[in-house]
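Trainee:
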Amino acid sequence: MSHIFLEISSICIACDNCRLVCPENAVITNGTDYAIDPWSCTLCGLCIEVCPVDCIKESKPI
0 MSHIFLEISS
10 ICIACDNCRL
20 VCPENAVITN
30 GTDYAIDPWS
40 CTLCGLCIEV
50 CPVDCIKESK
60 PI
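Per numbering that gives the first Met the number 0, the very first residue in the sequence shown carries number 0; after that it's consecutive.
#1: Can you look up N29 in the DSSP assignment and give me helix, strand or coil?
#2: Sorted by chain position, which residues of the same chain lie with C-beta nearer than 8 Å to Y33's C-beta, five sequence neighbours on each side aside?
#3: For I47, does the three-state DSSP call read helix, strand or coil?
#4: Considering L5, what are the terminal residues of the beta strand (DSSP E) in which it resides?
#5: Do you know whose CA, among L45, D15, G30 and S39, lies nearest N24's CA?
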């Protein structure tokens, strides 16, 4: 069984909203590159709600 996780696409504008709102500190940054740690993320969806460019989507591993 595969698990759902959140993924930040390349259209991210590095506004930092997702990182600031995440209660689990699951958003990882490296300069302007953002990613979500699937082991820390609880899928609360707060990051999706605050993203101004709608670049955070649910994804399933292959």
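Beta carbons are placed, not taken as given, at the ideal position from N, Cα and C, and that holds for glycine.
It should be emphasised that the depicted structure is a prediction, and the values quoted were computed from it without experimental measurement.
Mentor: Straight from the coordinates:
#1: strand
#2: I7, C11, A13, C17, R18, V26 and I27
#3: helix
#4: F4 to I7
#5: S39
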